[in-house]
Amino acid sequence: TVNHFVHEIPLDFSPFLDSLANYTPTTYERIETLLKSDHSIDRVKSLILNKHIICKDLCLYYLKRIQMTNNYYKAIIELNPHLLSEAQQIDEQINENNVNDKLLFGCVAAVKGNISVCDMYNDAGSYVLHENKMKDDASIIKKLRKQGCVILGRTNLSEWAYALSENIPSGFSAVGGQCLHPDDIREDISGSSSGSAVGIKLNLFTFSLGTETQGSILSPAIHTKHVCALKPSVNAWPKDNIIPINYDQDTCGPLARTIEDIELLH
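For the sequence shown, this note's numbering gives the first residue as 1355, with consecutive numbering after it.
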C-alpha cells in the first residue's frame, strides 16, 4: 500500500543500492533478533563494541526497514548520503580500539527536518527551502558526532513546525507527504516532530531529535505510545542552525525508547 502526496520528493536510495543488494536476509534477521527485546542505546552500543554487529550492517538494517515502511508511513524525508561511509569509520575505530568511552558509540540517529546536517537540506518540509543545502552541522549534531553517533537522515514534520498554520494536518509536509500513525492511521499522529516519534516505533533508527516551541516534542511521543521524550529548558541545548519559530521558546530535544535513553541523551 502506498500513501502518496503527488508533489512529495522521494527518498534517494542511490548511494546505498549496491550495499542493500548484497545485504542478506540472514543478517537482517539476526540484527532484528538481537534488538527485539532491547533496542536501547546501551544495547546497541554494547552489540557494536563487542562486535556482535557492525555499525554498517546496523545502518543497512535501518535502511531496509525504511524501504519497507516509508512508502506508507512517511517518517523519513531525507537520507544522509554519507551514512555508510560514516558507519565504516565507526567500525574502523573499533578495530583500532579507538573508542574513548563515547556515550553514543555506533548508535544511529535521525533528526527533525528543521535541523541542519552538513551536505543535507534544511527545509522544514517546505518547497521554498528545499534547495537549502547545509555547509555545516548544527551544534547539537556536532555534539552527537563527537560521542560516536552516526546521522541517518532527517525526519518528516508538520511543515514549518506548524509556524504558518494550525490547520494543516499533523505530520504533513510538502516535501515528505503525510506521516501516519504506526498503530492506527485513523489516529492523529500529532506534531510537529511527527516522524521523529513514528520512526522510533517503526525501528528506523536508535533515537531521534525533535524541536519544540509548544508541545512539538512531547505531543507526538504521547500520541505514538511507547515513545519517551523530553523537552529541555530553553537554552539548555544549543539551537543554532535550527529553523526557528520563537527564539524565546524554541528548544531541541530527544525522543527514544526508554527513560534511561532520555537521561543519557540529556
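For every residue, glycine included, the Cβ atom is placed at its ideal position computed from N, Cα and C.
Simplified DSSP state of residue i, which is helix, strand or coil
i     : result
S1562 : strand
Q1501 : coil
E1432 : strand
I1616 : helix
L1457 : coil
Q1442 : helix
V1360 : coil
V1462 : strand
S1493 : helix
G1467 : coil
G1545 : coil
K1405 : coil
T1378 : coil
F1370 : helix
Beta bridge counterpart(s) of residue i as assigned by DSSP
i     : result
C1582 : A1610
Contact belief for residue i with residue j at Cβ below 8 Å, rounded distance in angstroms
i     : j     : result
G1479 : N1451 : That belief does not hold up - the Cβ atoms of G1479 and N1451 are roughly 42 Å apart, past 8 Å.
G1607 : A1583 : 7 Å
G1564 : S1550 : 4 Å
E1362 : G1569 : Contact flag wrong, Cβ pair sits at about 25 Å.
Between the CA atoms of residue j and residue i - distance to the nearest angstrom
i     : j     : result
H1580 : I1444 : 29 Å
R1540 : C1533 : 12 Å
V1504 : L1374 : 18 Å
D1473 : L1389 : 30 Å
Y1481 : N1404 : 44 Å
E1383 : I1522 : 39 Å
I1408 : E1513 : 35 Å
A1656 : G1553 : As displayed, the chain neither begins before 1355 nor continues past 1620, which places residue 1656 out of reach and without an answer.
A1492 : D1477 : 14 Å
D1366 : N1425 : 13 Å
Exposure label - residue i; buried when at least 16 CB within 10 Å
i     : result
T1380 : exposed
A1590 : exposed
Y1601 : exposed
K1487 : exposed
K1489 : exposed
Residue i Cβ short of 8 Å to the ligand NAD heavy atom set
i     : result
K1399 : This structure lacks the ligand NAD, and indeed carries no ligand of any kind.
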